[in-house]
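Okay, so here's the structure we're looking at.
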Amino acid sequence: DTEVTQTPKHLVMGMTNKKSLKCEQHMGHRAMYWYKQKAKKPPELMFVYSYEKLSINESVPSRFSPECPNSSLLNLHLHALQPEDSALYLCASSPAWASGDNEQFFGPGTRLTVL
Amino acid sequence: GEDVEQSLFLSVREGDSSVINCTYTDSSSTYLYWYKQEPGAGLQLLTYIFSNMDMKQDQRLTVLLNKKDKHLSLRIADTQTGDSAIYFCAERWADKLIFGTGTRLQVFP
Numbered sequence: 001d002t003e004v005t006q007t008p009k010h011l012v013m014g015m016t017n018k019k020s021l022k023c024e025q026h027m028g029h030r031a032m033y034w035y036k037q038k039a040k041k042p043p044e045l046m047f048v049y050s051y052e053k054l055s056i057n058e059s060v061p062s063r064f065s066p067e068c069p070n071s072s073l074l075n076l077h078l079h080a081l082q083p084e085d086s087a088l089y090l091c092a093s094s095p096a097w098a099s100g101d102n103e104q105f106f107g108p109g110t111r112l113t114v115l
Numbered sequence: 001g002e003d004v005e006q007s008l009f010l011s012v013r014e015g016d017s018s019v020i021n022c023t024y025t026d027s028s029s030t031y032l033y034w035y036k037q038e039p040g041a042g043l044q045l046l047t048y049i050f051s052n053m054d055m056k057q058d059q060r061l062t063v064l065l066n067k068k069d070k071h072l073s074l075r076i077a078d079t080q081t082g083d084s085a086i087y088f089c090a091e092r093w094a095d096k097l098i099f100g101t102g103t104r105l106q107v108f109p
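These protein sequence lines map, in sequence, to chains D and A. The C-terminal residue of the first sequence carries number 115 in my numbering, and the numbering is unbroken. The C-terminal residue of the second sequence carries number 109 in my numbering, and the numbering is unbroken.
What follows is the structure in structure tokens.
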């Protein structure tokens, strides 16, 4: 299995809702990432997990809460989002963080719309 | 160094070569990457080059790196309609990937 999967593919939520995005990989990678991508813009790094520990938080608002329950799974919990948080949320994984070529494999993304 | 610049748009005829350019800012970047993103999809890593190399070829793809000018290019030979997508270069900086602004490649018959 050489892919990163993300669910759901699309999500529409209100500003008072709580929802979660899920990401899974079975490549034995020990680094996992969340990116946010607005339309016609490059991806922006949000969080990095290395060996299931949060290594980077790029000053992301607390309404986004990441979780790494095990080495294969990465969640992003959403609460009290704003309409400007609407974007494509991409998950990626790599064999390790901060070493080697850091070749990152991306999932297809979750298209989030906040009403 | 967090500004990675690309031209916004490139249009080529099917069968011609495409050259997508990228200017990065951090001369200490160790790896530079090219990703492809099709509409509504995630990013697909196409190729990457280590900073001590000048060129890397992989089938239809040729990457050229000019470290002195901090210039990276991706040449796609025999461009096909399936190559139509947005192409992002990225540099590895402080153990993060910093993506370029993206170039939309349109291939017409």
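We put the beta carbon where it would ideally sit given N, CA and C, even for glycine. Small disclaimer: the values here were computed from a predicted structure and weren't measured.
Would you list the one or two residues that DSSP bridges to R104(A)? Walking along the second sequence from the start, residue 104(A) turns up at place 104. DSSP, once it has assigned bridges, lists F9(A) and I86(A) as partnering R104(A).
Give the residues of chain A in contact with P108(D), contact being defined as C-beta atoms less than 7 Å apart. Mapped onto the first sequence, residue 108(D) falls at position 108. The contacting residues are A41 and G42.
Taking all protein chains shown into account, do 16 or more other C-beta atoms lie within 10 angstroms of the C-beta of D54(A), making it buried, or fewer, making it exposed? As a working note, residue 54(A) is residue 54 in the second sequence. Exposed is the call here.
Pick helix, strand or coil for E14(A), following the three-state DSSP scheme. Here residue 14(A) refers to the residue found at position 14 when the second sequence is read from its first residue. E14(A): coil per DSSP, three-state reduction.
P83(D), DSSP secondary structure in three states: In the first sequence, residue 83(D) corresponds to position 83, counting from 1. Helix, per DSSP.
Any idea which residues DSSP pairs V4(A) with across the strands? On the second sequence, residue 4(A) is found 4 positions in, with the first residue counted as 1. Its beta-bridge partners do not exist; DSSP assigns none.
Simplified DSSP state of T23(A), which is helix, strand or coil: Counting from 1 along the second sequence, the entry for residue 23(A) is found at position 23. Here T23(A) sits in strand by DSSP.
Kindly indicate if chain D contains any beta-carbon less than 7 Å away from that of G82(A). Along the second sequence, one-based indexing puts residue 82(A) at 82. Closer than 7 Å: no.
Rounded C-alpha distance that separates L88(D) from S55(D): Reading the first sequence from its first residue, position 88 is the one you call residue 88(D). Reading the first sequence from its first residue, position 55 is the one you call residue 55(D). Going from the Cα of L88(D) to the Cα of S55(D) covers about 22 Å.
Counting contacts by CB-CB distance shorter than 7 Å, is L45(D) in contact with chain A? Numbered from its first residue, the first sequence carries residue 45(D) at position 45. Taking Cβ atoms only, chain A reaches closer than 7 Å to L45(D), which makes this a yes.
What is the DSSP secondary structure of T79(A), counted as helix, strand or coil? As a first step, residue 79(A) is located in the second sequence; it is residue number 79 there, counting from the start. Look at T79(A) here: in three-state DSSP terms it is coil, with no helix or strand label.
Buried or exposed: which applies to F9(A), given that a residue is buried once 16 or more other Cβ atoms fall within 10 Å of its Cβ? One-based indexing of the second sequence puts residue 9(A) at position 9. Result: exposed.
Under a three-way DSSP split, which group does S50(D) fall into? For this step, residue 50(D) is matched to residue 50 along the first sequence. In the structure shown, S50(D) sits in a strand (DSSP, three-state: E or B).
Between the alpha carbons of Y51(D) and C89(A), how many angstroms are there, rounded? What you label residue 51(D) is simply residue 51 of the first sequence in a count that begins at 1. What you label residue 89(A) is simply residue 89 of the second sequence in a count that begins at 1. If you take the alpha carbons of Y51(D) and C89(A), they lie about 27 Å apart.
Chain D partners of K96(A), CB-CB under 8 Å? Here residue 96(A) corresponds to residue number 96 of the second sequence, with the count starting at 1. Going along chain D in sequence order, the residues near K96(A) (Cβ under 8 Å) are L45, V48 and I56.
In whole angstroms, what is the alpha-carbon distance linking G1(A) and P42(D)? Indexing the second sequence from 1 puts residue 1(A) at position 1. Indexing the first sequence from 1 puts residue 42(D) at position 42. Here the model assigns G1(A) a pLDDT of 43, short of 50, so the residue's position is not dependable and the matter cannot be decided.
Which residues in the same chain have their Cβ closer than 6 Å to the Cβ of Y35(A), if we skip the five residues on either side of it in sequence? Looking up residue 35(A) in the second sequence gives position 35. Hits under 6 Å: L43, L45 and F88.
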